Each structure stands twice: as C-alpha cells, then as structure tokens.
Amino acid sequence: MPLVNLRDMLVHAHRHGYAVGAFDLVGLDFLEAIVAGAEQARAPVILSLAESHFGYFDFELAMAATVAAARRASVPVAIHLD
C-alpha cells in the first residue's frame, strides 16, 4: 500500500465514520511495532515524528526509515511531522 496523504486519509475516515490512530515514534523499534500492529489490525495508521523527540534519534535517518516502512506497509500509512 502506498504512502498516503494525511488529509486524504482523514477525510476518508470522517466520511466513513472511523478514527485513525496516530503514534509518536521515539525510535526504530517503535516504528516496526506500530506498523506491525496496524497491519495485524488491518487499519490505517499515522506515524508521527515529534520535534521534542529529535534528541533521541537522528532525524534524517528516522525519516528515511519511516518513509520506507510506510511504502512497504500493507495498510495505508500517513506521516505527520509534529
């Protein structure tokens, strides 16, 4: 499933009456767990990178990994930079 636009994801969710979970990434282990959980639930997900967490990881590396994980996921994934 491709990386999707956050606005499009939220408009679809609103029109169809469901919520989409957004989860902050603190490390790559969180990234893997969040995507795996979304795939197991067959649910779209928002991966959020918060500026307050940038001290815990290299932003460029985390962003590249987040985009790669989103593109490989079997469910819709949007990325939010907070």
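Here this note's numbering runs 2 ahead of the position in the sequence shown, where the first position is 1.
For each residue, glycine too, the CB sits at the ideal point set by N, CA and C.
As the structure is a computational prediction, the values presented were derived from the model and not from experiment.
Sorted by chain position, which residues of the same chain lie with C-beta nearer than 7 Å to Asp-84's C-beta, five sequence neighbours on each side aside?
-> Ser-50, Leu-51, Ala-52 and Glu-53
Consult DSSP for Val-13 and reduce its assignment to one of helix, strand or coil.
-> helix
Alpha carbon of Ala-15 to alpha carbon of Val-6, nearest angstrom = 13 Å
Below 8 Å CB to CB, which residues in the same chain sit around Phe-32 once its five sequence neighbours on both sides are set aside?
-> Phe-25 and Asp-26
Candidates Asp-10, Glu-34, Gly-29 and Gly-23, of which the one nearest Asp-60 by Cα = Gly-29
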